[in-house]
Amino acid sequence: MNAKENFLALVNGGQPDALVDEWEPFGFVFDPLMGITLVARPGEYVVDPWGVTIYLGENEPGAMPIVNDENKVIKDVTCWKDTVHAPDLQVPLDWTEAKKQAEEIRAQGKLVTSLMATGLFEQMHYLMGFEDSLMNLLLEPDDVHELLNYLTEYKLEYAKLLVENLHPDVVLFHDDWGSKTSLFMQPDTWREFFKERYTKIYSYFRENGVIVIHHSDSYCQPIVQDMIDVGINVWQGVLPQNDIPAIQKEVGRKLVLMGGIDAPAIDQADWSEEKVRAEVRRACDAYAPGGNFIPCLTYGGDGSIFPGVNDVIMDEIRKLSPKYFA
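Quick look at the structure:
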């Protein structure tokens, strides 16, 4: 099988004949909506269309919100309607270049993949800050529910534009739900505020034949069954701090786990080929026998921070693959 066929066999419960090599099967389309969330260049501050100050540091895998008492969009969640205004998705958008990219990706035999960054929880803490977000889940639940409904409708409108204009094979949706060692909230709190809303978003994609990859480079083991319930096909970013073999036994073929390679341990300025290859071997030996596993850096996209690291990772995966598919 080629890389695309191998991935489809894995995600559809079939029998792949090799390890899926990180992001090899996918081609990312930069649609005209993506600029709404991916606006920062390394080393600069920008204000996105939501009014959030964003900064992308040097040698960092992604942009982060810079939220303080002066610039936060929501200073009082009970008055969020006064200050939160979603980008207008009704304005005419030029999809010409994105459609051309999609055609080229399909011609290359890859899966057309759309990125939807900044999920519901992330968008909430972009608007009001991390501490306020967690506190307001407990102190002002009614207003948070209203805010999340508003954000969900925006995401659904965005999703429909993607499907109607590009018909992607895959959507990569970003929303980090935990730290390295725990969820950001109790599982029941996550279920109360996020489970039904994600079911709504992901059901739309699944009904339109789109494979759902959810990025959360976090400890999410307590809600892994819920991730299946909401319609996630692939959990991308599964950290080795999760008990990955135990999760594999629990979920069987219902969920593909993509990650397992300890990025901070190897993606460093002073990286060495020996150390990188050793970590890839550790991850593959520990998790590949359990099945439904894609070895990958836990970042939410292709590549490594430091040039050369990802090339070695992919080369080692290719060398190791016959070991598990003899």
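The numbers in numbering that gives the first Met the number 0 rise by one with no breaks, and the one at position 11 of the sequence shown is 10.
The beta-carbon is built from N, C-alpha and C at its ideal position, and this holds for glycine as well.
Given the structure is predicted, the values throughout are model-derived calculations rather than measurements.
Shortest alpha-carbon distance to residue i belongs to which of the options?
| i | options | result |
| --- | --- | --- |
| ALA262 | GLU145, LYS98, VAL209 and GLU59 | GLU59 |
| VAL237 | VAL275, GLY251, PRO48 and TYR218 | TYR218 |
| ALA287 | MET0, ALA17, ASN5 and ALA8 | ALA17 |
| VAL72 | LEU171, LEU146, SER303 and LYS159 | LEU146 |
| ARG252 | GLN14, LYS3 and PRO91 | GLN14 |
| TYR153 | LEU182, ASP141, LEU119 and GLN100 | LEU119 |
| SER113 | LEU126, THR82, VAL170 and MET134 | VAL170 |
| GLU273 | ASN67, GLN235, LEU160 and GLY307 | GLY307 |
| LEU160 | LEU92, SER303 and ASN70 | LEU92 |
| ILE293 | TYR323, SER271 and TRP270 | TYR323 |
| SER178 | GLU121, ASN148, GLU163 and ASP141 | GLU121 |
| PRO321 | ASP20, GLY12 and ALA8 | ASP20 |
| ALA268 | GLU57, GLU43 and TRP22 | GLU57 |
Compute the distance between the beta-carbons of residue i and residue j, then report whether it is under 8 Å.
| i | j | result |
| --- | --- | --- |
| PHE77 | GLU139 | A small fix is needed here, since residue 77 is Thr in this sequence, not Phe. Yes. Within cutoff. |
| GLY299 | ASP216 | yes |
| VAL10 | ILE210 | yes |
| LEU364 | PRO41 | Residue 364 is absent from the structure shown; the chain starts at 0 and stops at 325. |
| LEU256 | ILE265 | no |
| LYS109 | PRO24 | yes |
| VAL250 | VAL275 | no |
| HIS214 | PHE172 | yes |
| ALA97 | PRO48 | no |
| PHE6 | GLN100 | no |
| LEU254 | ILE227 | yes |
| ILE343 | VAL279 | This structure does not reach residue 343, given that the chain is present from 0 up to 325, and the question cannot be answered. |
| VAL51 | LEU126 | yes |
Buried or exposed for residue i, going by 16 or more other Cβ atoms inside 10 Å?
| i | result |
| --- | --- |
| ASN291 | buried |
| HIS84 | exposed |
| THR180 | exposed |
| ALA106 | exposed |
| GLU195 | exposed |
| THR95 | exposed |
| ALA116 | buried |
| PHE192 | buried |
| LEU88 | exposed |
| ASN241 | buried |
| GLU103 | exposed |
| PRO239 | buried |
| TYR157 | buried |
| LYS3 | buried |
| GLN185 | exposed |
| GLY26 | buried |
| SER271 | exposed |
| GLY12 | exposed |
Check for me: the beta strand (DSSP E) holding residue i runs from which residue to which?
| i | result |
| --- | --- |
| ILE212 | 210-214 |
| HIS173 | 169-173 |
| SER113 | 110-115 |
| PRO60 | Careful: PRO60 lies outside any beta strand (DSSP E) and carries neither H nor E. |
| LEU165 | Where LEU165 is concerned, there is no enclosing beta strand (DSSP E), although the alpha helix (DSSP H) it sits in stretches over 140-165. |
| LEU256 | 255-260 |
| VAL308 | Not the beta strand (DSSP E): VAL308 falls in the alpha helix (DSSP H), residues 308-323. |
Mind reading off the beta-carbon distance from residue i to residue j? Whole number of angstroms is fine, and I expect it under 8 Å.
| i | j | result |
| --- | --- | --- |
| LEU197 | VAL229 | A small correction: the amino acid at residue 197 is Tyr; Leu does not occupy that position in the sequence shown. Their Cβ separation, rounded to whole angstroms, is 4 Å, which keeps TYR197 and VAL229 in contact under 8 Å. |
| CYS283 | GLY258 | Going by Cβ atoms, the distance from CYS283 to GLY258 rounds to 12 Å, so no, they are not a contact pair. |
| LEU133 | VAL143 | In fact, because the Cβ distance is near 10 Å, the residues do not count as touching under 8 Å. |
| ALA277 | PRO244 | The Cβ separation is near 19 Å, so there is no contact. |
| ILE200 | LEU155 | 6 Å |
| VAL45 | ILE53 | 5 Å |
How far does the alpha helix (DSSP H) with residue i in it extend, from its first residue to its last?
| i | result |
| --- | --- |
| GLN100 | 95-106 |
| PHE27 | Counting along the chain, PHE27 falls outside any alpha helix (DSSP H), though it belongs to the beta strand (DSSP E) covering 25-28. |
| TRP234 | Run containing TRP234: none in the alpha helix (DSSP H); it sits in the beta strand (DSSP E), 233-237. |
| PRO31 | Segment: none, PRO31 is in no alpha helix (DSSP H) and carries neither H nor E. |
| THR188 | 186-189 |
| PRO294 | Here PRO294 belongs to no alpha helix (DSSP H); instead the beta strand (DSSP E) covers 292-296. |
| THR52 | Run containing THR52: none in the alpha helix (DSSP H); it sits in the beta strand (DSSP E), 52-54. |
Beta carbon of residue i: closer than 7 Å to some heavy atom of the ligand FMN?
| i | result |
| --- | --- |
| ASN58 | Here there are no bound small molecules, and the ligand FMN is not part of this structure. |
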